[in-house]
Structures are given as C-alpha cells and as structure tokens.
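**Q**
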Amino acid sequence: MEVVIRPDAEDAGRTVAGIVHQALAEGVRTLGLATGSSPLGVYRDLARRHRHEGLSFSGVEAFLLDEYVGLPAAHLQSFAQVIRRELADHVDLDPARLHLPSGTAPDPAAEARRFERCLAEAGPVGLQILGIGVNGHIGFNEPGSSLASRTRLKTLTDDTRRDNARFFGGIEDVPRHVITQGLATIGEASHLVLIATGPHKARAVAAAVEGPVTAACPASVLQLHPHVTVVVDALAASQLEQRAYYRSIARYKPAGQRY
1078 MEVVIRPDAE
1088 DAGRTVAGIV
1098 HQALAEGVRT
1108 LGLATGSSPL
1118 GVYRDLARRH
1128 RHEGLSFSGV
1138 EAFLLDEYVG
1148 LPAAHLQSFA
1158 QVIRRELADH
1168 VDLDPARLHL
1178 PSGTAPDPAA
1188 EARRFERCLA
1198 EAGPVGLQIL
1208 GIGVNGHIGF
1218 NEPGSSLASR
1228 TRLKTLTDDT
1238 RRDNARFFGG
1248 IEDVPRHVIT
1258 QGLATIGEAS
1268 HLVLIATGPH
1278 KARAVAAAVE
1288 GPVTAACPAS
1298 VLQLHPHVTV
1308 VVDALAASQL
1318 EQRAYYRSIA
1328 RYKPAGQRY
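Numbering-wise (our numbering), the sequence shown opens with residue 1078 and increments by one.
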C-alpha cells in the first residue's frame, strides 16, 4: 500500500487526478467511479485536464460503485445525477458507457446480480477511485460487511444516513437502502486509489491503513490488495503513526509493476 500525504485537500484531489490521467494515457479503459464529497476535487481537476490538457475519456467504460434504492435516476441526489453533474457532463465520456445499478428496479436483489454480471463481463476495472466513510466504509459496505461480499442490497447505518443528510433536506429524506459493489467485487480492480481529506476522516484512515484487517473497518481490506494508493491531506493523515515515512508524491504504475 502506497500512502501519499499532501498538504491540503486541493493538492490531494490534483494528485489523484494525475494518477487517473496517467492511467488513461497508458491505456486503461475501464474506470471505477465513486460519489460523495471525497472525490469532488478529483473530478474538478479531471474536467480541467480535459479542457486544457487533452485528457480524453473516449472509449472508456465507467462503473459507479453504488446507487440509492428508491431514488429515480432524475433525482438530484441520485448517484446517477451526481456523477453526471460532477464529471460526465464536463468530459467526453460516452453516456452509454457510464454504468450503475438502477435504484428503481422492481427487484433490487436481482438488479444487484445483474450489475455484478455487467462488471464481470467488462473484465477487471483498471483503476477504481474510492472514498472512505467516517466509520470506515468503502462503497456502502458498512462495518460488519463480509470481506468476501459481492454486489448486493445493503441497509445504511444511522451514522451514514446522518453523514449524508447534508445532501438532502434532513436524515428523514435519506434512503435507507442502497445497491453497492461488495468488498470482494471492489478488490478485483487492478489498482485501487482511495482519497480522504479533513480531520473527520483521520480515525478511519488510520484504522484502514495501520489497523488490523477486520470487518469492523471495511476499508482495512485494502491491506490485502496488491496495488493500492491512499492519498490523504495532512488533516486526514493526522492519526497515522507512520506518517513521517509515507511518500509525498504518488505515481501511477501498471498492475504488477514495482516502484
């Protein structure tokens, strides 16, 4: 696991965008996207790179991690709308190549299985962007999730719903269920890139990077993956015991290639 500490959130976002840019330039054509607040700086810088540096998403297949159950795709806080608003509408990503579960499918469990098959048919995701929740979740794999889990229907914890209430009118408006890629599904990506910023993420980052591998902190499963880059700002790194030894600059490397 490569841990990269940047001075602030803006630098962290630019660093992750640079990793994505290099990956696409070197031929990665399957990209995993996350929503939430953590990747927003990444997406802003990717849009800038598209406008000014020739970064192209032409031919890229993009897969979202999750979607709320019960929200129509047109709802402002559906992840379908968020990813379009924050990234897809600002780059040359073909809308037909943006894939995510349907939050209004009549049978959410069947929809989860369909999306899992869609991922398998596309082959491994070349680079997967991840955020982390204050309770250590990635995707919407809440604490207690099986480390071998696949795409499925999940119930959100009250902590997660409270954290996401800022995007809605209040916690009562936050859906209780999601379809999310499982931890094992996420782990099949060739390169996992996690971004976390702010002091409220420090405890979760420390548990994921330096704590035991445990379902109590789902993100700790990243320790078992052969190619992970964790990019954090100084505040999110504040509880890392080994922070003095981590890198200050990240580089993309193809799967299997050592630094």
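For each residue, glycine too, the CB sits at the ideal point set by N, CA and C.
Owing to the predicted nature of the structure, the values given are computational and were not obtained by experimental measurement.
Identify the continuous alpha helix (DSSP H) that holds Phe1217 and give its terminal residues.
**A** It is not in any alpha helix (DSSP H) - Phe1217 carries neither H nor E in the DSSP assignment.
**Q** To the nearest angstrom, how far is the alpha carbon of Ala1283 from that of Ser1222?
**A** 19 Å
**Q** When burial is assigned at 16 or more other CB atoms within 10 Å of the CB, is Ser1226 buried or exposed?
**A** buried
**Q** Please specify which runs of the beta strand (DSSP E), each continuous and at least 3 residues long, are wholly inside the stretch 1102–1158, giving them in chain order.
**A** 1107–1110, 1138–1141 and 1143–1145
**Q** Considering Arg1083, what are the terminal residues of the beta strand (DSSP E) in which it resides?
**A** Glu1079 to Arg1083
**Q** Judging by CA-CA distance, which residue of Phe1134, Val1255 and Ile1256 is the nearest neighbour of Arg1174?
**A** Residue Phe1134 is the option with its Cα nearest to Arg1174.
**Q** Below 8 Å CB to CB, which residues in the same chain sit around Ala1165 once its five sequence neighbours on both sides are set aside?
**A** Ala1139, Pro1172 and Leu1175
**Q** Is it true that the CB of Ser1115 sits closer than 9 Å to the CB of Thr1262?
**A** no
**Q** Quick one: any contact between the stretch 1184–1193 and the stretch 1097–1110, if contact means 3 or more CB pairs under 8 Å?
**A** Per the Cβ contact rule, the stretch 1184–1193 is not in contact with the stretch 1097–1110 (fewer than 3 Cβ pairs under 8 Å).
**Q** By the 10 Å Cβ neighbour count, where 16 or more other Cβ atoms means buried, how is Pro1185 classified, buried or exposed?
**A** buried
**Q** Tell me which residues share the same chain as Gln1319 and place their Cβ nearer than 7 Å to its Cβ, disregarding the 5 neighbours each side in the sequence.
**A** Glu1287
**Q** What residues are listed by DSSP as bridge partners for Gln1205?
**A** Gly1109 and Leu1269
**Q** Could you name the residues that DSSP lists as bridge partners for Lys1231?
**A** Val1255
**Q** For Arg1253, count the other beta carbons within 10 Å of its own beta carbon; 16 or more makes it buried, fewer makes it exposed. Which is it?
**A** exposed
**Q** Measuring CA to CA, which of Arg1106, Phe1217, Leu1207 and Leu1233 is closest to Leu1132?
**A** Comparing Cα-Cα distances from Leu1132 to each of Arg1106, Phe1217, Leu1207 and Leu1233, the minimum goes to Arg1106.
**Q** With a 10 Å radius around its C-beta and 16 neighbouring C-beta atoms as the bar for buried, classify Ala1321 as buried or exposed.
**A** That one is exposed.
**Q** Measuring alpha carbon to alpha carbon, tell me which residue in Ile1160, Tyr1145, Leu1224 and Thr1234 is nearest Thr1181.
**A** Tyr1145
**Q** Leaving out the 5 sequence neighbours to the left and right, which residues in its chain are closer than 8 Å to Ala1281 when beta-carbon positions are compared?
**A** Ile1209, Gly1210, Val1211, Asn1212, Gly1213, Ala1273, Cys1294 and Ala1296
**Q** Do you know how far the Cα of Pro1178 is from the Cα of Ala1094?
**A** 25 Å
**Q** What separation, rounded to the nearest whole angstrom, lies between the Cα atoms of Ile1082 and Arg1238?
**A** 29 Å
**Q** Give the straight-line distance between the Cα atoms of Ala1199 and Ala1266, rounded to the nearest whole angstrom.
**A** 11 Å
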